[in-house]
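See below for the structure under consideration.
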Amino acid sequence: MAEASTTAAAPAALPLAGDAAGAACGDWRDYLALTKPRVMGLVVFTGLMGLLAAPGHVHPVIAFTAILCIAVAGGGAGAFNQWYEADLDARMKRTRGRPLPAGRLERGQAFAFASFLSLGSVTIMALAVNLPAAVLLAASILFYVCIYTVWLKRRTPQNIVIGGAAGAFPPMIGWAAVTGDVTLLPVLMFAIVFLWTPPHFWALALFVKTDYSAAGVPMLPCTHGLAETRRQVLLYTFPLVIAAVAPWLLGMTGALYGAAAVTLNAMFFLLALRVFANRAEDPAGMKPEKQLFAFSILYLFVLFAALAADRIVLS
44 MAEASTTAAA PAALPLAGDA AGAACGDWRD YLALTKPRVM GLVVFTGLMG
94 LLAAPGHVHP VIAFTAILCI AVAGGGAGAF NQWYEADLDA RMKRTRGRPL
144 PAGRLERGQA FAFASFLSLG SVTIMALAVN LPAAVLLAAS ILFYVCIYTV
194 WLKRRTPQNI VIGGAAGAFP PMIGWAAVTG DVTLLPVLMF AIVFLWTPPH
244 FWALALFVKT DYSAAGVPML PCTHGLAETR RQVLLYTFPL VIAAVAPWLL
294 GMTGALYGAA AVTLNAMFFL LALRVFANRA EDPAGMKPEK QLFAFSILYL
344 FVLFAALAAD RIVLS
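Residues 44 to 358 in my numbering are what the sequence shown lists, from first letter to last.
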């Protein structure tokens, strides 16, 4: 796998209070933007699929509470991420319009909002659902904020590889909300998201490399070049395919999931091959990379929906 690099820009000072300049107040849309609603949507979906795939039944109110806590926790983690990375966001074209770099909110406000969402979601999960789900929820927040955002992102091109674990927790959390434990199938769901993250994000990084370079973020295309990144996209596709078809091969799911897994992974692998074969140096020639990035989102949604539907049919 990719070699780590330690030549990234040094992290900025960690602000603990609002900026001294001006009394930015923002509105509800700015606070919503802090939660990264697009990312939250994927987090909520995979958490819901883990809940639906779990054996047994849970009261609809408890199920709704669990998914709401996953959503709020994801929003809190996203807000912490923007609080800490406001300096990076200000240097990147695609993120400079976010509430903090644009000056619509102060960092102290973002920190307070992130803390409220994170602590509130874990507390409610523990009191209203169960403790194992709350522990996993807390672990996912801490991993995303402390391991990925603070420690890895500015230091190594392995940021996405290791940090991808944070986004892989929701299926296990959803499962634990029903069963109170974690077995092999939710671990495989975790593995699917974990292994899906590098090719998904590296496909994006290939055609926004200039943005990451300007911000000093050591993403793989910036530290190891385009050719190596394309090779890593293909290499990570192999274990992803294995993890994705494993629930069917191990008899945990039926033909519905098996057919979906084989079809989706064949398409993912072919797109990864096209990315590997591409030699374009500028974004205009990176159609395969853009296609893989777009398809990877659909891939995860359809794959997990098929898994949940298959488990419901078998139950």
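For glycine and all other residues, C-beta sits at the position ideal for the given N, C-alpha and C.
Residue-chain proximity (residue i, chain D), Cβ-Cβ < 8 Å
| i | result |
| --- | --- |
| residue 156 | Of the protein chains in this structure there is only one, and it is not chain D. |
Cβ-based burial, residue i [other Cβ within 10 Å; buried from 16]
| i | result |
| --- | --- |
| residue 199 | buried |
| residue 292 | exposed |
| residue 265 | buried |
| residue 89 | buried |
| residue 243 | buried |
| residue 104 | exposed |
| residue 73 | buried |
| residue 148 | buried |
| residue 98 | exposed |
| residue 347 | buried |
| residue 68 | exposed |
| residue 306 | exposed |
CA nearest to the CA of residue i, picked from the options
| i | options | result |
| --- | --- | --- |
| residue 281 | 239, 269 and 244 | 239 |
| residue 114 | 212, 257, 355 and 321 | 212 |
| residue 217 | 305, 334, 317 and 168 | 168 |
| residue 162 | 123, 129 and 141 | 123 |
| residue 357 | 325, 249 and 295 | 295 |
| residue 321 | 301, 309, 171 and 276 | 276 |
| residue 178 | 307, 97 and 116 | 116 |
| residue 257 | 81, 125, 108 and 134 | 134 |
| residue 197 | 151, 261 and 349 | 261 |
| residue 108 | 237, 184, 170 and 301 | 170 |
| residue 341 | 329, 323, 327 and 308 | 308 |
| residue 144 | 159, 125 and 279 | 125 |
Cβ-Cβ separation, residue j to residue i (assumed contact under 8 Å), whole Å
| i | j | result |
| --- | --- | --- |
| residue 343 | residue 318 | Not really, about 17 Å apart at Cβ, beyond 8 Å. |
| residue 231 | residue 176 | Incorrect: roughly 18 Å between the Cβ atoms, too far for contact. |
| residue 246 | residue 332 | 5 Å |
| residue 110 | residue 87 | 6 Å |
Helix, strand or coil at residue i [DSSP, three-state]
| i | result |
| --- | --- |
| residue 201 | coil |
| residue 350 | helix |
| residue 229 | helix |
| residue 252 | helix |
| residue 178 | helix |
| residue 73 | helix |
| residue 358 | coil |
| residue 295 | coil |
| residue 325 | coil |
| residue 147 | coil |
| residue 112 | helix |
| residue 79 | coil |
| residue 136 | coil |
| residue 173 | coil |
beta-carbon residue i near the ligand SAM non-hydrogen atom, thresh 7 Å
| i | result |
| --- | --- |
| residue 168 | Among the components of this structure there are no ligands whatsoever, and the ligand SAM is therefore not found. |
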